Each structure stands twice: as C-alpha cells, then as structure tokens.
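Presented below is the structure to which this report refers.
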Amino acid sequence: MVKKIKNLKEFSLSNDRFEGANLMCPGCSHNIIVREVLNATDDPVIVATATGCLEVCTAVYPKTSWDVSWIHIGFENAAVAAATVSAAYEVMKKKGKLPPATQKMVDEGKEPKIVAFAGDGGTYDIGFQSLSGAFERGHNFMYVCLDNEVYANTGGQRSSSTPIGASTTTSPAGSVSYGEKMMKKSMVEIMADHGAPYVAQVSPSKWKDLVKKVQKGFEVYGPVYINAQSACTTEWKHAPEDTIEVSDLGVDSCVWPLYEIINERDEHGIIYSTKLNITYRPKKKIPVEEYLAAQPRFRHLFKPENRHIIDLWQKAVDARWEYLQRREEAGV
Amino acid sequence: MAKDLKEIKDINEIKDLGWDELIPGAALFSFTEPVEDVVEVPMDERPYAATNSHEWQVGDWRVEKPVYNRDLCIDCQFCWVFCPDMSILSRDKKMIGVIYEHCKGCGICVEVCPTNPKSLLMFPEHTDNNEALAMWPKKEEKK
Ligand SMILES: Cc1ncc(C[n+]2csc(CCOP(=O)(O)OP(=O)(O)O)c2C)c(N)n1
Ligand code: SF4
Ligand code: SF4
Ligand code: SF4
Ligand SMILES: [Mg+2]
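As they're listed, the protein sequences go chains A and B.
Numbering-wise, the first sequence is residues 973 to 1304 according to this note's numbering.
Numbering-wise, the second sequence is residues 955 to 1097 according to this note's numbering.
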C-alpha cells in the first residue's frame, strides 16, 4: 500500500521504526537515509544490513536499534540475505504457509518490503558479486547503498567509490601524492545494465525526491537499486552540523546528480525500453570547487601543485551531467 | 553468571555486565511483548524491552545542546526530518521538543531551522533552558 506523503508535515506523522541511542556518529547521514527509507512506507519491513557503520553501531550487544525484522549478515552478502528472504516469502505465500500475523498484514494489503542496506565498500567492492547475482536472478527486493565513498567503519580506507583526489588512509595526500588516483565507479549505470526495473540516485537532503523514489521502488516487481549520497562527518572531515549543507552542495554542483533509470522487459527478459529521468535540476549549477572546499578530505587540492585535479573534477562532472541530459533527451 | 536477556526488566541489570556475562547468541528483543503493527504505535506507547537502544541514552556525548523556542517555531518539520537520531519529538504535525536522552548534539536541527531568529539554537550543555530562552537573539537584518 503506498503511504500518502504530500508534504513534510504529513511525513512527520510517521512513527519511526529505527531507534535513538544507537552509536552512529553525531550528524551521520546513514541514519537520516535509513529513517527516510523506513518512513516511506507503513507496510512491514524486513531489513538485512551488511557489515559497516550502520550494522556495527545499531546492534551493539546487548541492544538493538531496530523495531523491524532485522538480519545481521556478513560484509559481502546483504543482497543475498535479502534475496533469500524474498524467495522464501514468495514460496511460503504461494503454499499458504505464512505466519498468521504476516498473512493478516498481506490480507490488509500490507505486503512486507524487503530492504538491504550496505555501505559503498560492501556494494561497489566486496559485495558486488552477490549483488550482481541477486539482480541477475531478478529477486523482488530493494538494495540501498549508503555511499560515503570510503570504508568508514574500519578507519577510512579507499573503495572503488572514493572519488579522485580524496585523501583516505590508504590513499593519503602528502608531498608526493594528491590522494586517490582513480575516478569513482559508475555504480548506478552498472546496476541499471542488469536490467533492473528501477534504479535511482538520491540524497537525504532532498527528502521528498528520496521518498518518492523509494515508494516507486517498492511498487515495482524485481530488484531495485538506490544509490544514496551519505556525507560522513568523520571521514569527509566536515563539521557534524554541516551534513545537510555538504549534501546540498553535492547535488547543486551536479557532483551528485539526482536521477532514475527505468527498464522495461518482456516475458523473455529482453529489455525493450530504457528511460532515464533527471529528477532535480539545480536552479544555478554551482562550481565543483565549492563542494570540494567544504570538505577537508580535499583540502590539499587547493595547493597550487594540485589545482589541476580540481579542473579535472569540473571537467568530469560537466561531462557526466551532459551525458545524463543527452540520455534523458533521447529517451534511452 | 550468564544472564538470559528475556528475563531482563531494567537496563540497570545489564548496563555494566561484561560481554562474557551475557548469553552468547541470545536474541535481542525490541519489545517485551509482540506488537502487531509497530508503525501504528507512537514511541511513547511502545512496550520497549531493556535490550532496545531506545531505553538507553547517549545524551552525555554532548558538549552543546539544542534549545527549542516554541514562540518562533513555524512547525515546518525540517528539524524532524533531518535529525539523524530520532531526537525531535513531533506530534500531529507540531514540533514539541528535543529528546535529550537521544540527542547527540550534532547541531543539524539548528542549521536547517529556517526562522529568523532561529527557533533552535545550540547552548553549552550546562545552560539552564529558561536562561537560554531569556538570552535569545533578536531578528537578524538581511544584509
Ligand atoms: C569479509 C570481511 N572483510 C572485512 C571486514 C571488516 N570490515 C567491516 S566493516 C568494513 C568497512 C565497511 O565499509 P563500507 O561498506 O563502505 O561501510 P561504511 O562503514 O563506510 O558505512 C570492513 C572492511 C569484514 N567485516 N568482513
Ligand atoms: S564514520 Fe561516517 S558513516 Fe560511520 S557512523 Fe561516523 S559519520 Fe556515520
Ligand atoms: S542536535 Fe542533532 S541529534 Fe540533537 S536534536 Fe538536533 S539534529 Fe537531532
Ligand atoms: S526547523 Fe525550526 S521552525 Fe521548523 S519545526 Fe523545527 S524548530 Fe520549528
Ligand atoms: Mg562506506
């Protein structure tokens, strides 16, 4: 059942199913994303979390911060855990063997929603194989990547999501290096190329866009991938109170464009239509420099010898924004 | 001696226990009894178990706390939606106040509050809330 959320006041009527006094850092975006995703529906939710900040800090023995059914699984297999729940649910439902409480919910039109949360390390890198497999098999679940562009939970190592020039503990900036050397992996397109019915990129600062996309994702049948920008005060090194501002700078500079890709397949699995929609267009596209300047992980780029990396950044962001607009225009 | 978590009634029974004094592999219960549809039950009416973090507190992480000024608030709910720690209490579309047991003092709610002057401001943790309200700044002129 789609929850009606016309505006923020209406959204604030939601009763959170994710609890306070968890041990996430003050000002952490992961928490904001989880709240927005869970509050996007009033249906029962079953969550699987990959190891990472979210899992480790919301289940510190002897306490839990989850009021939904919750599965603690490995670093590399959140997608498989969620896919397995989905497969089991479908078989039990078909055989009429759902637990009575679940059956009652289903009869009332409240189908359980199955969601996997994982970090970028758990998604772009170590969990990629199980994620790709679950999407290829077409299980009915949603996968949300909490993308803070670093292995935050283990002390800030680079991942294949870390963007060029970021200083991390395994790509430190110094007298011989400007930090990370590789460009960020295009995870959204990679997941869309699996033929998934719905793939989207979101930011917690644009709550309405995020909630709308999550609701769309819950409505389609099949695997859904949501790539969520997650400003990390500890590893991006901005002040905790600036989390929303840094997120907005990312969106308004088009470093973090908000868009969705919708695939339609026939009964043989042939993709006959792909559409890309840009869901937010900044009124004024701000220079990437402003986004970088707000985060001390990029501080060294402002030295004269590293300035060329900022130029490269702008070029890369402009090219990608162009590409997205061309795809939207062409309807592919 | 190992404790069975199902028997725990109060967090004080488990707060200071070592990890080896608790039953390994025991389920952590969110509630003391089954709740049919959690989403229909507001937080203050839920039968929380001692093993739900809701019963614990992280308020002592703060050096500064947000203080709320009802007189200026327009109930926009920006603070509610962007608080990472479920620490803004809203009921019936109205902002009511800050849950100090769970607030970590990040300051996001103050940053996103759109009123002028702001309806939420950070004050040193030891400040009395009424004193904070008495020294609330005046409206800032737009430059
Ligand atoms: C197989 C395996 N390798 C390594 C680890 C150690 N480990 C736990 S969390 C983590 C980093 C998680 O990074 P990410 O997925 O980006 O999540 P974040 O903490 O940034 O949210 C690592 C390396 C592990 N738990 N399991
Ligand atoms: S390290 Fe970053 S992602 Fe992890 S809890 Fe802290 S702010 Fe959140
Ligand atoms: S300071 Fe942070 S944790 Fe506390 S109420 Fe404000 S946003 Fe929430
Ligand atoms: S952000 Fe400010 S004005 Fe809006 S509800 Fe919160 S305290 Fe009130
Ligand atoms: Mg990460």
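C-beta: ideal position from N, C-alpha, C; glycine also.
For clarity, every value in this text was computed on a predicted model and none was experimentally measured.
Problem - Distance CB(Gly-1091 of chain A)-CB(Asn-1120 of chain A) smaller than 8 Å - result: yes
Problem - Local Cβ density within 10 Å of Lys-963 of chain B, reported as buried at 16 or more and exposed below that - result: exposed
Exercise for the section: Closer than 7 Å is what we want: which residues have a beta carbon that near any heavy atom of ligand 6? List them in chain order. Expected result: Inclusion of ligand 6 in the displayed structure is not the case, the ligand content consisting of ligand 1, ligand 2, ligand 3, ligand 4 and ligand 5 alone.
Handout entry: Buried versus exposed, by CB contacts within 10 Å (16 or more), Tyr-1022 of chain B
Key = buried
Practice task
Give the straight-line distance between the Cα atoms of Gly-1068 of chain A and Asp-1039 of chain A, rounded to the nearest whole angstrom.
Solution key: 26 Å
Problem - The alpha helix (DSSP H) enclosing Arg-1007 of chain A, as first and last residue numbers - result: 1001-1011
Practice task
Indicate whether at least one CB of chain B lies closer than 8 Å to the CB of Asn-1125 of chain A.
Solution key: no
Handout entry: Contact belief for Ala-1200 of chain A with Val-1174 of chain A at Cβ below 8 Å, rounded distance in angstroms
Key = 5 Å
Practice task
Output the boundary residues of the alpha helix (DSSP H) element that contains Val-1084 of chain B.
Solution key: Sequence check: residue 1084 of chain B is Asn here, not Val. Its alpha helix (DSSP H) spans residues 1083-1088.
Handout entry: Ser-1139 of chain A: CB within 7 Å of a non-hydrogen atom of ligand 1
Key = no
Practice task
Quick one: list the residues of chain A neighbouring Gln-1044 of chain B, beta-carbon separation under 7 Å, in chain order.
Solution key: It should be noted that the sequence gives Ser, not Gln, for residue 1044 of chain B. Within chain A, the residues near Ser-1044 of chain B are Ser-984.
Problem - Check whether Glu-1008 of chain A and Val-1183 of chain A have beta carbons under 8 Å apart - result: yes
Problem - Check: Asp-969 of chain A C-beta below 7 Å from any heavy atom of ligand 5 - result: In this structure chain A extends from 973 to 1304, so residue 969 of chain A is not present and cannot be described.
Handout entry: His-1044 of chain A - DSSP class collapsed to helix/strand/coil
Key = strand
Exercise for the section: Indicate whether Val-1196 of chain A and Pro-1176 of chain A have their beta-carbon atoms separated by less than 8 Å. Expected result: no
Handout entry: Neighbouring residues, chain B, relative to Asn-1235 of chain A (Cβ below 8 Å)
Key = Within 8 Å Cβ-Cβ: nothing; Asn-1235 of chain A doesn't reach chain B, min ~30 Å.
Practice task
Answer with yes or no whether the minimum CB distance from Asn-1083 of chain B to chain A is below 8 Å.
Solution key: no
Handout entry: Interface partners of Asp-1039 of chain B on chain A, CB under 7 Å
Key = Gly-992, Asn-1003
Practice task
State yes or no: is the C-beta of Gly-1146 of chain A nearer than 7 Å to some heavy atom of ligand 1?
Solution key: no
Problem - Rounded straight-line distance, which links the Cα of Val-1227 of chain A to that of Ala-1258 of chain A - result: Residue identity differs from the one stated: residue 1258 of chain A is Ile in this sequence, not Ala. Distance between the alpha carbons of Ile-1258 of chain A and Val-1227 of chain A: 10 Å.
Problem - Where Tyr-1002 of chain B sits in the DSSP three-state scheme - result: strand
Handout entry: Neighbour list for Gly-999 of chain A in chain B, Cβ cutoff strictly below 7 Å
Key = Pro-1038, Cys-1060, Ile-1062
Handout entry: Under 8 Å from the C-beta of Ala-1073 of chain A: neighbouring residues of chain B
Key = Pro-988, Glu-990
Exercise for the section: Note down, in chain order, each residue of its chain lying with its Cβ closer than 6 Å to the Cβ of Phe-1107 of chain A, except the 5 sequence neighbours on either side. Expected result: His-1166, Ala-1168, Pro-1195
Handout entry: Cβ neighbour criterion (16 or more within 10 Å) applied to Thr-1023 of chain A
Key = buried
Handout entry: Extent of the continuous alpha helix (DSSP H) run through Glu-1029 of chain A
Key = This sequence places Cys at residue 1029 of chain A; Glu is not what is there. Cys-1029 of chain A -> alpha helix (DSSP H) spans 1025-1030.
Exercise for the section: Could you check the C-alpha separation between Met-973 of chain A and Pro-1144 of chain A for me, to the nearest Å? Expected result: 48 Å
Practice task
State yes or no: is the beta carbon of Asp-1029 of chain B nearer than 8 Å to at least one beta carbon in chain A?
Solution key: yes
Practice task
Pull out every residue of the region 1201-1213 of chain A whose Cβ sits closer than 7 Å to any Cβ of chain B, in chain order.
Solution key: Pro-1212, Glu-1213
Practice task
Tell me whether Thr-1023 of chain A counts as near ligand 1, meaning its Cβ is closer than 7 Å to at least one heavy atom of that ligand.
Solution key: yes
Problem - Range covered by the alpha helix (DSSP H) that runs through Leu-1264 of chain A - result: 1260-1265
Exercise for the section: Express the C-alpha separation of Thr-1140 of chain A and Val-1260 of chain A in angstroms, rounding to a whole number. Expected result: 20 Å
Exercise for the section: Would you check if the region 1072-1090 of chain A and the region 1018-1038 of chain A touch, i.e. whether three or more CB-CB distances between them fall below 8 Å? Expected result: yes
Practice task
Kindly provide the ranges of any beta strand (DSSP E) runs that are 3 or more residues long and lie completely inside the region 997-1063 of chain B, ordered along the chain.
Solution key: 1018-1022, 1042-1045, 1048-1052
Handout entry: Under 9 Å by beta carbon: chain A residues contacting Leu-1074 of chain B
Key = Correct list: empty, because the minimum Cβ distance to chain A is about 11 Å.
Problem - Status (buried if at least 16 other CB within 10 Å, exposed otherwise) for Pro-1084 of chain A - result: buried
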